[in-house]
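Just below is one structure, and these are the notes that go with it.
Numbering (our numbering), first residue to last: 54 to 187.
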C-alpha cells in the first residue's frame with residue numbers, strides 16, 4: 054500500500070502512531086493545562102518524499118510525497134482528534150501548492166539555514182533567504 058495516502062492500511066499505522074504520541078504526551082496538551090498549543094498534521098506533504106535528507110540522489114524518491122490533497126490533511130486531523138490530540142492550533146506546510154484545508158490548519162512556511170541536499174562537495178554554502186534579515 055502507498056504511504057501518505059488515504060489507503061486504510063496506511064491509516065491504520067497513522068492511528069497507531071498518533072495513539073502512541075497521545076499516550077506519551079498525556080497531560081501536556083493545552084486543554085489539560087500543559088504547554089502544547091499546536092500540532093503539525095503533516096510535513097512537506099505533496100512536496101518531498103523521504104528519506105532524501107540522508108540518502109539524496111537527484112530524481113530518486115523512496116517514499117512518495119503524497120497526492121491526495123487537502124482531503125488527506127483533513128483525515129489526518131480527524132485521526133489526531135480521535136486519538137485525543139486536541140489543540141487550539143493545527144498546522145501543515147504552507148509552501149506554494151501545498152494542500153491547506155481552509156479554516157482547519159494554519160499554513161506554516163519554514164526554511165533551512167543550510168542546504169545539505171546539494172550533491173556538489175565543492176558547493177560553498179551561502180546564507181539562505183529564510184535566514185537573512187532584510
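Glycine included, C-beta positions come from ideal geometry on N, C-alpha and C. Remember, predicted model here, so these are calculated numbers, not experimental data.
- Taking the CA atoms as reference points, residue 144 sits about 22 angstroms from residue 60.
- The shortest C-alpha to C-alpha distance from residue 138 to any of 55, 89, 67, 75 is the one to 75.
- For residue 82, the closest of 168, 177, 142 by C-alpha to C-alpha distance is 142.
- Shown here for residue 127: same chain residues with a beta carbon closer than 7 angstroms to its own, the five before and five after excluded, namely 154, 157 in chain order.
- Taking 9 angstroms as the cut-off, the Cβ atoms of residue 183 and residue 146 do not count as close.
- Beyond the five residues adjoining it in sequence on each side, residue 160 comes within less than 6 angstroms, by CB distance, of 147, 153 in the same chain, given in chain order.
- Taken through DSSP and simplified to helix, strand or coil, residue 143 comes out as strand.
- By the criterion of a C-beta distance shorter than 7 angstroms, residue 80 is surrounded in its chain by 87, once the five residues flanking it on both sides are discounted.
- When DSSP states are grouped into helix, strand and coil, residue 74 belongs to the helix group.
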